[in-house]
Structure formats: C-alpha cells, structure tokens
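**Student:** Residue numbers for the sequence shown follow the working numbering, so the first one is 92 and each next one is one higher. Cβ coordinates follow ideal geometry from the N, Cα and C atoms, glycine included. These numbers come from a predicted model, not from an experiment.
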Amino acid sequence: MPPAIPLATYRLQLTADFDFDKASTIIPYLKALGITHLYASPVMKARKGSTHGYDTVDHSQLSPELGGEAGFARLSDALKQHDLGLIIDFVPNHVGVHFADNPWWLDVLEWGQASPHAVSFDIDWDQLAYRARGGVLLPILGSPYGEALERGEIELHYDPDEGSFSAWYFEHRLPIAPERYGEMLRMIVKEADAAETEAGKRLLALAARYTGLRRPNRKQAPGFKAELKDIAGSADIIVRGLAAYRSAKDRPAQTLALHHLLERQHYKLGHWRLASSDINYRRFFDVNGLAGLRVEDPGTFAATHRLVKQLIADGKLQGIRLDHIDGLRDPAQYCQRLRRLVRDAQGNTKPFYTVVEKILCEHERLPHLAGVQGTTGYEWMNVITQVLVDAKGLEALNEIWRQISNRPPQLAPYVKDARRRVLETLLTSEFIVLSRLLARIANGHYSTRDFSADSLRQALELYVLHFPVYRTYLTHSGPTALDRKLIDGTIERARSDWFAADEGIFAFLRDALTMDLLKPGRPPHSAPRVRRFALKVQQFTGPMTAKSLEDTAFYQFHRLLALNEVGGDPASTGLTIPAFHEAMRARAKEWPQGMTATATHDTKRGEDARARIASLSQIPGEWTSAVSRWKVLNAPHLALQADLRAPSATVEYMLYQTLLGAWPLQGPADADFVERIQAYALKAAREGKEETSWLNPHEAYENGINSFIEKILDPAQSGEFLEALQTLARRVALLGALNSLSQLTLKATLPGVPDFYQGTEFWDMSLVDPDNRRSVDFAARQAALALLETPDWRGLIKTWPDGQLKLAWTRHLLKLRNELADVFMQGDYQPLEVRGAHADHVIAFARRRGRSAAIVVVGRLFAPFTQAGREWPVLEEFDATVDITGYAAPGLSANELPLAQAFRDFPAAVIEARAESTVKSARPRVRA
92 MPPAIPLATY RLQLTADFDF DKASTIIPYL KALGITHLYA SPVMKARKGS THGYDTVDHS
152 QLSPELGGEA GFARLSDALK QHDLGLIIDF VPNHVGVHFA DNPWWLDVLE WGQASPHAVS
212 FDIDWDQLAY RARGGVLLPI LGSPYGEALE RGEIELHYDP DEGSFSAWYF EHRLPIAPER
272 YGEMLRMIVK EADAAETEAG KRLLALAARY TGLRRPNRKQ APGFKAELKD IAGSADIIVR
332 GLAAYRSAKD RPAQTLALHH LLERQHYKLG HWRLASSDIN YRRFFDVNGL AGLRVEDPGT
392 FAATHRLVKQ LIADGKLQGI RLDHIDGLRD PAQYCQRLRR LVRDAQGNTK PFYTVVEKIL
452 CEHERLPHLA GVQGTTGYEW MNVITQVLVD AKGLEALNEI WRQISNRPPQ LAPYVKDARR
512 RVLETLLTSE FIVLSRLLAR IANGHYSTRD FSADSLRQAL ELYVLHFPVY RTYLTHSGPT
572 ALDRKLIDGT IERARSDWFA ADEGIFAFLR DALTMDLLKP GRPPHSAPRV RRFALKVQQF
632 TGPMTAKSLE DTAFYQFHRL LALNEVGGDP ASTGLTIPAF HEAMRARAKE WPQGMTATAT
692 HDTKRGEDAR ARIASLSQIP GEWTSAVSRW KVLNAPHLAL QADLRAPSAT VEYMLYQTLL
752 GAWPLQGPAD ADFVERIQAY ALKAAREGKE ETSWLNPHEA YENGINSFIE KILDPAQSGE
812 FLEALQTLAR RVALLGALNS LSQLTLKATL PGVPDFYQGT EFWDMSLVDP DNRRSVDFAA
872 RQAALALLET PDWRGLIKTW PDGQLKLAWT RHLLKLRNEL ADVFMQGDYQ PLEVRGAHAD
932 HVIAFARRRG RSAAIVVVGR LFAPFTQAGR EWPVLEEFDA TVDITGYAAP GLSANELPLA
992 QAFRDFPAAV IEARAESTVK SARPRVRA
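1) For Phe181, name the three-state secondary structure that DSSP assigns.
2) Quick one: residues in its chain with C-beta nearer than 6 Å to the C-beta of Ser338, no 5 flanking neighbours on either side, listed in chain order?
3) Taking all protein chains shown into account, do 16 or more other C-beta atoms lie within 10 angstroms of the C-beta of Arg720, making it buried, or fewer, making it exposed?
4) With 16 other CB atoms within 10 Å as the buried threshold, where does Gly462 fall?
5) According to DSSP, is Gln808 helix, strand or coil?
6) Should Ala550 be labelled buried (16 or more other beta-carbon atoms within 10 Å of its own) or exposed?
7) Could you tell me which residues DSSP puts in a beta bridge with Ser255?
8) Tell me whether the beta-carbon of Arg623 lies closer than 8 Å to the beta-carbon of Leu528.
9) One question on the structure: do Glu448 and Asp414 come within less than 8 Å of each other, judged by their Cβ atoms?
10) Helix, strand or coil for His932? Go by DSSP, reduced to three states.
11) Could you check how far apart the C-beta atoms of Leu652 and Met745 are, in whole angstroms? I think they sit under 8 Å.
12) What residues in its chain sit with their C-beta under 6 Å from that of Gly659, if we drop five residues either side in the sequence?
13) For a test of the three-state rule: what should DSSP assign to Ala544, helix, strand or coil?
14) Just to confirm the assignment, what range does the beta strand (DSSP E) spanning Ile267 have?
15) Which word fits Arg822, buried or exposed, when buried means at least 16 other C-beta atoms lie within 10 angstroms of its C-beta?
16) Can you give me the Cβ contacts of Ser1012 inside the same chain, cut-off strictly under 8 Å, excluding the 5 residues immediately before and after it?
17) For Val965, count neighbouring C-beta atoms within 10 Å of its own C-beta (all shown protein chains included) and say buried if the count is 16 or more, exposed if not.
18) Please go through the same chain and pick out, in chain order, the residues whose beta-carbon is closer than 6 Å to the beta-carbon of Glu246, but skip the five residues on each side of it.
19) Can you tell me whether Met278 is helix, strand or coil according to DSSP?
20) Within the same chain, show all residues whose beta-carbon is closer than 7 Å to that of Asp146, passing over the 5 residues directly before and after it, in chain order.
21) Taking C-alpha atoms, which residue in Gly927, Pro183, His789, Asn193 lies nearest to Gln424?
22) Do you know offhand how far Arg908's Cα is from Gly712's?
23) Please confirm if the stretch 389-407 is in contact with the stretch 534-544, defined as three or more CB-CB distances below 8 Å between the two stretches.
24) For Ser943, list the residues DSSP reports as bridge partners.
25) Residues in the same chain with beta-carbon distance under 6 Å from Glu1037, minus the five sequence neighbours each way, listed in chain order, please.
26) Keeping to the same chain, check which residues put their C-beta closer than 8 Å to that of Ser546; ignore five residues upstream and five downstream.
27) Do Ile888 and Ala945 have their beta-carbon atoms positioned less than 8 Å apart in this structure?
28) Consult DSSP for Ile582 and reduce its assignment to one of helix, strand or coil.
29) Per the DSSP calculation, Pro989 is bridged to which residue(s)?
30) Determine which residues share a DSSP beta bridge with Pro845 and list them.
31) Mind checking Ser809: buried by the 16 CB within 10 Å criterion, or exposed?
32) Can you name, in chain order, every residue of its own chain whose Cβ lies under 7 Å from the Cβ of Val621, other than the five neighbours on each side?
33) By DSSP, does Tyr425 sit in helix, in strand, or in coil?
34) Would you grab the beta carbon distance between Leu365 and Leu228 for me? Rounded to a whole angstrom, and I think it's under 8 Å.
35) Would you mind sorting Phe109 into buried or exposed? The rule is 16 or more other CB atoms within 10 Å of its CB.
36) Who are Ala625's beta bridge partners in DSSP?
In structure tokens form, the structure reads like this:
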C-alpha cells in the first residue's frame, strides 16, 4: 500500500493523446524514480478535444477520451501493481457550458427555472434588461445578434430520435422550450401545406391537446415528445415546415418568426462582447464557456461527488486536489462535507490526502479547512525563488527597470490600474450584479434607502480596488477576527479615496460585508440578500485579483521575470536566509504535508527557465550592458509608425529575459523556437492589456512584434546580436543550472511534499501554457534512468546540458526521501549556523525526528565561484563551515562541516546523520 501522505507526487497532464493507457506505461518509471503518488489532471468527462480537463461537462463519468472506465481500471491496476497511489485534480467550482455536451446546462436552457438543475448554476434570472421573462444570457455569437439572424447562422432543427426541437448556432445547441412546441407545429404544418394529410392532422391534434400557459409542462413533455416522434410521416412534414423559421436578409417574415420564437425562450442570445457587461451567470474568471456551480447546494454537491466517493470506496483514489477553492461560496462548508464523504467512503482509519489550489498573496495565511493538508505549493515555489535571487542585484535591476519603463519599480500602481481596467472591461457584469444587490439591500429599510444606487456602486468599486488579497472566508455565521480586520482595513483605504460626503455609506457597506446588518437590535434588512451579497463578494474578489494581478500586472512589470510567478511578488527585495529559515520552521509546525511545487501547468515559465532568469540578479552590470547593446543592434527591426513602436520598450526588455530563459542548451534556435517565442510574446502582450488585448487586438502592433522576433532570431539579419545573445546565454544557462539544482534540493528536503511536473526531471525551459503542456518524451527519460543506477557525478557534470545530471540528482534525492521517510515527512526543521566569508552563499539546515536526521547544505549565488557563469564552480573556494554540533555521520569527525567537504563536486549535499541526543519532535498536525 502507498503511504496515506505522499512522499513525492508526479503531475501528469492527461489528454486524448496521452490517456489512461499511456499513463499506465510510465508507472514503472515513476516507481523507479522514487515517486509514491501519480497526480493526474482532471479525469471526469470534459469537452471533446480538451487539452486540460478543466471544462468538465459531466462529473458522473470518467472521460471517454481518456479511456473511460476500462482505461481507468487498467491504470488503477498498474498503480496497484507498483504500489503507487492516485491523486486527481477535481473541479468543484465550474463546468463547461454552451456547445451540446453538458446535459445539466441543456436542461436548464430548455426548462429555465423549472429545471431541477437550475439550482446548480449561479444564475441571476431577473437580470436581463428589456425582457418580460427571466432568462440567461448566452454570449456565444461571433457577430451582433441581428447580423447572425439575417445571415441564417441560427438554424432551427428537429431531432426525430428525441422528438425535440433545438436552435443551433454552429456547434452550439439551444433547446426550444416544449411549451412552444404547439405553436411551432401549427406554423410548421401550415408552411408544409400538410393540414389535410394524416400526419398533419395528427400533429395539429397533438398541438391542440396542450394549450394554455406552460404546457406541456415538465411532467407532460416526455409523453408529448414520444407521441410526436411516433407519428408516421411527421419528420418529413417538420423538415419542410421548418422553412417558416429559415431566416435570411431577404426573408423578413421568417426572420421575424425565428426571432420571436427565440425571444420566448429561457435564454437570450448575444454577441460575445456582451459578456463583460451583461452576462448573468457566474463564470470561472471571464471565461464564458465555464459556468460556476453552486456546490453549496446539497443536491449539487452529492451529484457532482458521487463518482469521487465511489473511487475512494473502491480503493482507487488516495487523494484529491481541489481546483480554484476561492471560487466556492463557502470553502469551509465544502471541505467539511468533503471530509464527511471521505469518511463515509473509506472510514476514519487513515488520512485522505487533500490539497487546495489556493494562491496566497505576500503575508497572507491559509485558513484551516477541515481535512485539508495544505496548498498545491505556489507560495513555497516563490519562497525558494526569492531566497535564490541576489538581493543586491535586485537594487541594480530596479534602476534598469526605472530607465526602461520610465516608472518607479513599485508594483502597487500597476496593480491598482490593472484592477480598474479589469473592473471596467472583463468583470463588469459580475460587479453590476453585486452593486444592484447592495442597492436592493439598502432600499429594504427606510434608514438606508437614501443611499443612491450610484453612490453604493462607487463605494463598492473603491472597496474592490483596494482589497489586498484574493478573498475573505466568511461563513453564514459571520467573519473571523482576521476577516473582520481585513474588511475594516479595506474600508478605511477605500474611504480615503472618497471625495463625496460620506454620510454613513461606508459604515453601511462594511456592515453588509460583515453581515453585521443582521445583528439583533439593528434595523431589519433582508437576511437572504445580505448573506448572499457578503458571500458573493468573496467569490468576486478572487477572480478580480487573479485577472488584475497575475494576468495583467505580471505582464506589465518586467523588472525580473523570475519573480513574476503565480502568488509571487514581482517587486520583491529577495528573502534573507534567516527569514527563509523562519518561514520553514513555521511550515514544519503548521503545514508539513502541503505540496511544494516548482513548476505546474499554470506557472508562467518552466522551473529551469525561471532559475536562469533569477541568475541575472547575480550579474546585473553585465546584463545592463548587454541590454543596452542589444537595443541598439535591434533598433532597425522595430516597427515604427506614427505613435506605434512594436514591441514597446518594456515588452522588448521582457523578450530579452525570455530568450535567455528559454534558449536551447544544445544547438541553435530553430523555426519551432521562433514560433514558440512569438506565441508567448503575443499572449504576454495581450494579457498586459497595454498596446493590445484579447478584447481589442491591435493587429499592426502584434504583427510588429512577430516581425521583430523573426528578424532578431534570423542569423542572416541579426548575426551580431545572436552571437552576443548566445555568449551570454551559455553563462546564464550554467548559473541557471546551478540555481535549478539548489531549487530541486530544497524542494525535496524542506517540510512538505515535493511535486514534480511532467518532464521536469530533465531541464525545463518551457514558457507559459500551452507551451508547458507539450508532450513529454518519456522513452528518453526511462532509457536515461536505466543507465544511472550508480551515477558517475563527475561525468554527469561534464555533460550537464543533456539533463541527465538533473535526472540523477532527482532520483538520488527521492531515494533518500524514501529511506528517511519519517525524517522528511514528520521531522523538525532546524537551521544550522554557517560561518565564514561565504556564509551568505549557503543555506544549511537539519531535518530531524528522534535520533534520525538529515543534514542539508545548499549553495546559492554562484557567480563569484564560476567566473560569472563561465565554468563549473570551484567548490574548494567556498570559505565557509556549517556548525553541526549535536549530529554525527560517517566521515564527519568534528562539530564543523567545511563546505569544500560537503559539496565535493556537487553544489548541494544531503547527509544522513544521527542526533546525539533524543529531542521530542513537535508532532505536526495531521488532517484526516
């Protein structure tokens, strides 16, 4: 049996091209590597052709494209045979909608609020303007509604196998409400001139039996459809008669008939641009095709988790990663329900590994959630990066960025501007829902009815603009002391930007956000509305922060791209070694079983590309000179037209960092590399929303970027630049590789569970998705691992660019983790003092449980020992010793460990040791 808490996980991106069976073939390799748990991307049925699985359309079945139940069973057998556990990425927050593959969504479109699945979606039914009946906006049209209608792009079809009608817009199915079938059949029979035929008479008779409002209703509809499809000859008449609804510019009557029919549905079709201002269902961020689920509804929770429960009960699932926990209305309630489900499925005899995808801002702490061992590890990835950058070099990079951007190297102004942009363009509709709900609350009592809707909207806008983290964690019982402090502080900052008379509006907003409006003795307000408002604001601030911070400001502020990672601080001043130790000691006590990631499917760049770019902080002077020269050499390739400069100065600076991070280790840049850089640059420029954006692409600017990249990477046009780039890239690659080995060592030995993203056991110079989701050559990795049973470290160092050094070190570290499982999973974290001239270049600590221990020594800031990246470090030059008083190990005869002895040929060491006395370890919290 695999351990209940993983020793190491391996993330696989499953697709139709790499399905359950393909995953089964690499299980022996993962076992040999030292992995204890396979960590898979979502496995439930997703949209056909999905490359990620987060667009789940049916939680009740395993993905047919991945192999279905049979393929999953074979994967389970392979895992069991090799004693590996399985963790799946699960998506409770949203589902894929539109198209024709989500049965719940299609039922809601057909029946509106009468659908039993309507409660599962977060739809504001009364939000649609200028419409007598409630409905949901479907912003799926590629052109304005009128144009799509007159061009005949919206077509009415009949399904003779179901006896049902649907409008279709290309691949999108739009079911027609059965209450309209009667009027449709009468018009169809008339258009087909079939009133006197036997089939026509039966169709008319069927329509006549169901007259009146809302008929046939949901109970009657199956019988109606069954009778309709059983009428002999009905299909031919219907196909001919549907011409009455065949719209075209020269068919005004038919166009109007189809329009009137569509207007009487439970949905309203609209141009995709309407989504930002008019959409009335909660989405995942601003993705129209992903609709939020109300898992707070017990029936929805039960239905979406039934398969998960079965897999746990069958012993086929040992852990779960909860995607986008911040999207849930009440994460605490959700986690409590999930823990009860797990206990019902497997009993309460062992922990069930549960981690949440939760992005923590700087200085934000994860709230304790029932049964949750921690996060997926973004925060620890950033801690590792920050301790490996040179703080002194960051000061020099500040000045470079100031000169290039003509702005101070401060992130806050970028974030505030980005928040306003996102609020005005991407998430306007969600904000409108909240501001209208707040106005209804105020209007519900005479004491607050004079707060105008516009004033309330402006006050709420200021609150959102100043909100410093992703979300609060209120429950129906109210806020915690920490959440109350957060809300109070944000209210004060918002009030400081308010120039109109206050007159109590911010006090009212605060009391609505904290639900203090409902306290005894207060003027009565609608309790359901107040609770709904307070909890929905939490669901809004998460996407708001993510879109403005990660997906906007991080693509504008390019001081050092290594710091621009999910959950990171691009303006960080680095992390001192004492601060790093303090963070790790706290983690060992509070979250010893959460994941530690250095790359995921969502990171902005590969872990080794990030490590390379981080090394620029060690050589800021040479970097500055190089950029200055490159800008001059590449100036002729810029696109310059009137006010247009493509790329902009800041994007050009970003490109140079990106090229160094992704530059091939072996061989010149080929056409594929050029295309990858162009694709990355286009995405980065659009995400930055400065000269171009996804909503409003600037074709000339984007063409200018593509042309610039093509020219500067063409040896015939930019030979001098490429020679200079390659010279610096070789040095940065070595410094980056040393950074990477330190990063890997820390990940594998710090408190927490190290997670390895697919393929990263070789050097990983990938860029943001989809670049980091390309297929992995597992055959090459398996073959290499088979030859590394007894590594020749000196030989591997000489050929380090081929990646086998990283693979061998990965297996070495995981072998130690498996041999010293108690030490690494339950042991204390003890910083070790380093003395000497180069003490600042060494991170040293011990992991200890009882008398078993491991001493970990990791180098950093290698430029002085490598001639700034020109040669492998001369480790004998490290003038430092580690104080190992209280520990003994073979070959160590004193209380001091000289760095030259610890490192030998390698810039990191993990030494198995014995503590000279037994100290009772602080027992880490285990969450079942």
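**Tutor:** Answer, in terms of the structure:
1) DSSP, reduced to helix, strand and coil, places Phe181 within a strand of the structure shown.
2) Within the same chain, Ser338 has close Cβ partners Leu240, Gly243, Gln345, Thr346, Leu349.
3) Within a 10 Å sphere around the beta-carbon of Arg720 sit fewer than 16 other beta-carbons, which makes this residue exposed.
4) Answer is buried; the Cβ neighbour count reaches 16.
5) For Gln808, the three-state secondary structure derived from DSSP is helix.
6) Here Ala550 is buried, its C-beta having at least 16 other C-beta atoms within 10 Å.
7) Answer is Asp250, bridged to Ser255.
8) Result yes, Cβ atoms of Arg623 and Leu528 sit closer than 8 Å.
9) Yes, the pair counts as a contact, with Cβ atoms nearer than the cut-off.
10) Here His932 sits in helix by DSSP.
11) Contact between Leu652 and Met745 holds: their C-beta atoms lie close to 7 Å from each other, under 8 Å.
12) These residues qualify, in order along the chain: Asn473.
13) Secondary structure of Ala544 (DSSP, three-state): helix.
14) Looking at the DSSP string, Ile267 is not in any beta strand (DSSP E), and its letter there is neither H nor E.
15) With 16 or more other Cβ atoms inside 10 Å of its own Cβ, Arg822 counts as buried.
16) With a pLDDT of only 48 at Ser1012, under 50, the local geometry of the prediction cannot be trusted, and the value read off the model is given with reservation. Within the same chain, Cβ atoms closer than 8 Å to the Cβ of Ser1012 are found at Gln917, Gly918, Asp919, Arg939, Arg940, Gly941, the five residues on either side in sequence being excluded.
17) By the neighbour-count rule (16 or more Cβ atoms within 10 Å), Val965 is not buried but exposed.
18) So the list reads Trp259, once near-sequence residues are dropped.
19) DSSP, reduced to helix, strand and coil, places Met278 within a helical segment of the structure shown.
20) The beta carbon of Asp146 sits closer than 7 Å to those of Ala137, Arg138, Gly187, Gly380, Leu381, all from its chain and outside the five residues before and after it, given in chain order.
21) Checked all of Gly927, Pro183, His789, Asn193; the closest Cα to Gln424 is Pro183.
22) So the two alpha carbons sit approximately 40 Å from each other.
23) Segments in contact, no.
24) Its beta-bridge partners are Arg940, Arg1005.
25) The requested residue 1037 is not part of the displayed model; the chain covers only 92 to 1019.
26) Here the set comprises Ala591, Ile596.
27) For the 8 Å CB-CB criterion, Ala945 and Ile888 do not form a contact.
28) In the three-state reduction of the DSSP assignment, Ile582 falls in the helix class, which pools H, G and I.
29) Answer is Thr972, bridged to Pro989.
30) According to DSSP, Pro845 shares a beta bridge with Thr687.
31) Label assigned to Ser809: buried.
32) Once the five neighbours on either side are set aside, the close Cβ partners of Val621 are Ile532, Ala603, Met606, Leu608, Leu609.
33) Note: Tyr425 maps to helix in three-state DSSP.
34) Indeed, because the Cβ distance is near 7 Å, the residues count as touching under 8 Å.
35) With 16 or more neighbouring CB atoms inside 10 Å of its own CB, Phe109 falls in the buried class.
36) Per the DSSP secondary-structure output, Ala625 pairs with nothing in a beta bridge.
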